[in-house]
Amino acid sequence: MNGKLLDVRDLRVEFATAGAVVPAVAGVSFSVAPGETLVIVGESGSGKSVTSLAIMGLVPRPPGRIAGGQIMFRSRDGQVRDLARTDRRTMQQLRGAEIAMIFQEPMSALNPVYTIGAQISETLLLHEKLSRRAARAKSIEMLTLLGIPDPARRYDAYPHQLSGGMRQRAMIAMALSCRPSLLIADEPTTALDVTVQAQILDLIRRLQAELGMAVVFITHNLGVAAEIADRILVMYAGQAVETGSARAIFQNTRMPYTAGLLHSVPRLGWDRDAAPLQAIPGNVPNLADLPPGCAFGPRCTHMQPSVCGVAQTLEICGPDHAVRCALWREIGP
Amino acid sequence: MTPLLQVDGLVRHFPTRGGLFTPGRPVRAVEDVSFSVAPGEVLGLVGESGSGKSTIGNLVLRLDEPTAGRIRFDGQDITTAGEAALAAFRRRAQPIFQDPFGSLDPRMTVEQIVAEPLQVHGLAKGRAARRARVAELLNIVGLSEQHLTRYPHQFSGGQRQRIGIARALAVSPDLIVADEPVSALDVSIQAQIVNLLRDLQQRLGLAMIFIAHDLAVVEYVSDRVAVLYLGRIMELAPARQIVRTPKHPYTQALLSAVLEPDPDRKHTREVLQGDLPSPINPPSGCVFRTRCRHAIAACAEAVPPLRSVGDGHVSACIRADEL
C-alpha cells in the first residue's frame, strides 16, 4: 500500500438491466494518501458515483455487483482489507467510524422524524463506548465545529426546521462525528446556492486539516475541483481518462475530453463576441452501446479511426500525470 | 428606443396559512421591481434561491398574477389585458423551461409538440404546411426531419432542450423568457445550448430574459444584468460592468463565490456568512444588511432606492459612493 490509505485497483462494477449488462465502472484504479483530497470529475453516466458507492459497500445488489478488482483500505488498527470482499458486519463497523459519506441532498440522509442531535448521537453511540450525556456533549461540540449558531438549541431541532446550508452542515457533523480517516463526498455542494457552496467548501477544507482526514470528492464542476483538489481523476463512460495532480490537469491538460470541459464553461469576463463557446459536440454516451476503442472518439475533434478505434490504455504523460489517449503526444497540451 | 417590455413596481406576495387566531403573513417573493427590455436585448436575472427571479419570469409571461405593479408589452398593459389581447401577447412572448424532462408531454411526438403552438395560434394552416414549418424549426435548433415521429424519451437532455427551444420559436416570438435553460444539463452539453440560444437570439433579433444562478453564464449571454436578493433588485448594469466594477456588496459577494477552473486563482474569498432571511419577515431597510459586512445603523432605516452609480448602472446601496 506504500503508506496509502485507500488503493483501488482495476475496479469493475456492473448493473444488470433488461437485456444487457451495463459496465458502469470498467476498470478504474486510483489511490488516496492520508490527508489527501482526490476529486473525481465526471458527467452523468461516467461512473463517478458508482465508484464511491463501491468503496462504501453500498452498490445495490441486485441489479449491481462488483465484478472485479480490489478496494484496499488501511484501517486504524493498521490492518489492510479488501472492501470489495469484506463481510457485511465488518463493513458496518467501518462505515461511519472510519469511512463516512456525505451526499448531494441532505434530506435523503437525515431522518425527518428524529432531531439532528439524536441522529448525530446515534452514530457516536453505535461506534464509541460513550454515555448518552457524553454523546450529547460531543454532538454539540461537532455542531459548534461546523459553525452552526446556537448549537445547544439546534441539537433539538428537526431537519425541516433548518435551512439547506444548515442541513448540509448537520449531515457533515453526523458523518464526521467519529472522526473518520476517509470522507467520501458525493456532489455535496451541487444543490446549494453559490454563496453557501463557498461556505461548505471552506468548512470541508478546514475540517480536513483539523482532523487529518482524506477526502474523495465527487463533482461535475471543474471550478469546485480546482478549489479543493490535490489530485484529480477524470472519468468518462466508466473509465479513468486522465489523472494527475490538480496543477497538471488544469495547466497541462492532455485528454481532449478534459480540455473540452475546460473550454466549454464560460468564465467571468470572457469576450463573447470573439468566438462562440467551444462546445463538445454530440451527446453523453450510452453505456449499453459504447463504441469500440476510445469511448470519447465519436465526439473528439482529433479522432483518427485507425488509431482510436482500438481499446486505449492509460499512459504516463508526465510526472504524476496519465492520460487515456493514443494521440496525446501529437495533440500537445 | 421604446422598450419592448416595461415592468413598473412589480410586487408578488404569496399568501400563507396563519395559526388558529393569527392571520397568515405573506411570503414577499417580489417587492417593487422595475426594469425594461429593449427589442433584441438580453436582460439577465441572477440571484440565489428565494431571490424571486423565477417568479418575475412567470409574472412577465402572465403565468402568474402580480399583487401590484404594471407590465407593459409593446405599449400595451398586459396585467389588465383580456383574453383576446392575452392570446395575441402569448404569440409574441414564449417560455423556455429548465427541466427538459418535465416540460415535454411524454405522449406526444416531437412533431405534435412543436406544432401545438402553431395550431393554437392558427399559424401554418394545413397539415403539409405545418409539417414543413416543424421540420424547418427542427433544423434551426440542430435536429432533423427524421426526429419528427419520435417521442421525448428517445432523446437526451440536450436534445430535449432543443425541442423545447423549437417549440418556443414556432410562433416567431419577439420575447423569450428562459428560466435556467442549461442548469439541468451535463457540463459538456451546456455550451451547445448556450451557443444555440445566443445564435438564435442574434439571428432572429429576439429580446430575451435569461434567468440563471450562474453569474459567468449570465454575463456571457446577457447585454444587461439585474442582481436580485430577497425579491428586490440590488444592482442593474451592463453585463461587463457588473462583473468588472460591481458596486453593491451583495454583487461583490456573489462574484467572490464564483469558482473558476484554475487552481492558481486561490484569491482571498469573501465568504458570505449566515443564511438568507425569511421572505415572510424580511429585514427592515436594506434586505441585505443582515449579511453585509459594510452595514451601518442607517441601513436599517429605509429601503435604499436604486441610484445611478455610472452609465446605465444603478445600485441599491446607500454607501455605494464611499465603498
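Taken in sequence, the protein lines are chains H and U. Mapping of the first sequence onto the working numbering: position 140 corresponds to residue 141, and the numbering continues sequentially without gaps. Mapping of the second sequence onto the working numbering: position 37 corresponds to residue 108, and the numbering continues sequentially without gaps. From the three backbone atoms N, C-alpha and C, an ideal C-beta is built for every residue, glycine too.
Asked	Found
Mind checking who Y1 of chain H pairs with in its DSSP beta bridge?	Any question about residue 1 of chain H goes unanswered here, given that chain H covers just 2 to 334.
Using beta carbons (cut-off 8 Å, strictly below), is L278 of chain H in contact with chain U?	yes
Keeping to the same chain, check which residues put their C-beta closer than 8 Å to that of A156 of chain U; ignore five residues upstream and five downstream.	Q147, I149
List the residues of chain U that L10 of chain H touches, going by C-beta distances under 8 Å, in chain order.	Reading the sequence as shown, one finds Arg at residue 10 of chain H and not Leu. What R10 of chain H touches in chain U: nothing, since even the nearest Cβ is about 27 Å away.
Please work out which residues of its chain come closer than 8 Å, Cβ to Cβ, to M108 of chain H, disregarding the five sequence neighbours upstream and downstream, and give them in chain order.	P160, R168
Any beta-carbon of chain H closer than 8 Å to the one on Y291 of chain U?	yes
Determine the burial state of M256 of chain H: buried for a count of at least 16 other Cβ atoms within 10 Å of its Cβ, exposed for fewer.	buried
Please report the straight-line C-alpha distance between P277 of chain H and L132 of chain U, rounded to a whole angstrom.	29 Å
Which word fits V358 of chain U, buried or exposed, when buried means at least 16 other C-beta atoms lie within 10 angstroms of its C-beta?	buried
For D321 of chain H, does the three-state DSSP call read helix, strand or coil?	coil
Counting only runs that start and end within the segment 247-310 of chain H, where is the alpha helix (DSSP H) found for 4 or more residues in a row?	247-252, 257-265, 306-309
If you reduce the DSSP assignment to three classes, tell me which class S62 of chain U lands in.	A query on residue 62 of chain U cannot be resolved here, the shown segment of chain U reaching from 72 to 394 and no further.
Consider the Cβ of D262 of chain U: report whether some Cβ of chain H lies at a distance smaller than 8 Å.	Note on identity: in this sequence residue 262 of chain U is Ala, with Asp being the wrong assignment. Cβ-Cβ to chain H under 8 Å: yes for A262 of chain U.
Taking buried to mean at least 16 other C-beta atoms within 10 Å of its own C-beta, is P376 of chain U buried or exposed?	exposed
Rounding to the nearest angstrom, what Cα-Cα distance links G69 of chain H and L130 of chain U in this structure?	55 Å
For the segment 223-241 of chain U against the segment 156-171 of chain U, do three or more pairs of beta-carbon atoms, one drawn from each stretch, fall closer than 8 Å, so that the two count as touching?	yes
Output the boundary residues of the beta strand (DSSP E) element that contains G16 of chain H.	In the sequence under discussion, the amino acid at residue 16 of chain H is Phe, which differs from the Gly named in the question. It spans 7-18 - the beta strand (DSSP E) in which F16 of chain H sits, taken as one unbroken run.
When the cut-off is 8 Å and only beta carbons count, does D409 of chain U lie next to chain H?	Nothing about residue 409 of chain U can be read from this structure; chain U reaches only from 72 to 394.
Classify V26 of chain H as buried or exposed, calling it buried when 16 or more other Cβ atoms lie within 10 Å of its own Cβ.	buried
How far does the alpha helix (DSSP H) with R201 of chain U in it extend, from its first residue to its last?	198-211
Thinking just about the alpha-carbon of each residue, which of U:F226, U:S227, U:R178, U:I236 is nearest to the one in V205 of chain U?	U:I236
How many whole angstroms separate the CB atoms of G140 of chain U and L76 of chain U, which I take to be in contact at a CB cut-off of 8 Å?	About 13 Å separates the two Cβ atoms, so there is no contact after all.
Mapping DSSP to helix, strand and coil, what is S174 of chain U?	coil
If you measure beta-carbon to beta-carbon, which residues of the segment 167-187 of chain H are closer than 8 Å to chain U?	M167
Are any of the Cβ atoms in chain U nearer than 8 Å to that of W329 of chain H?	no
What do you get for L91 of chain U, buried or exposed, if any count of 16 or more other CB atoms within 10 angstroms of its CB means buried?	exposed
Run through chain U and tell me which residues come within less than 8 Å of N253 of chain H, C-beta to C-beta.	The premise fails here: N253 of chain H is roughly 12 Å from chain U at the closest Cβ pair, so nothing lies under 8 Å.
Could you round the C-beta distance between E306 of chain U and A324 of chain U to whole angstroms and report it? I think they count as a contact, below 8 Å.	Not really, about 12 Å apart at Cβ, beyond 8 Å.
Grab the span of the alpha helix (DSSP H) containing L130 of chain U for me, first residue to last.	124-131
Can you tell me where the beta strand (DSSP E) holding V253 of chain U begins and where it ends?	No beta strand (DSSP E) contains V253 of chain U, which DSSP labels as neither H nor E.
Looking at the C-beta of T52 of chain H, does it have a partner C-beta in chain U at a distance below 8 Å?	no
Does chain H have any CB closer than 8 Å to the CB of P94 of chain U?	no
Can you check whether the C-beta of A287 of chain U is within less than 8 Å of a C-beta belonging to chain H?	yes
Quick one: which chain H residues come within Cβ less than 7 Å of D333 of chain U?	A227, F251
Can you find a C-beta in chain H that's less than 8 Å from the C-beta of N266 of chain U?	yes
Taking the alpha-carbon of P320 of chain U as reference, which of U:A199, U:S215, U:A391 has the nearest alpha-carbon?	U:A391
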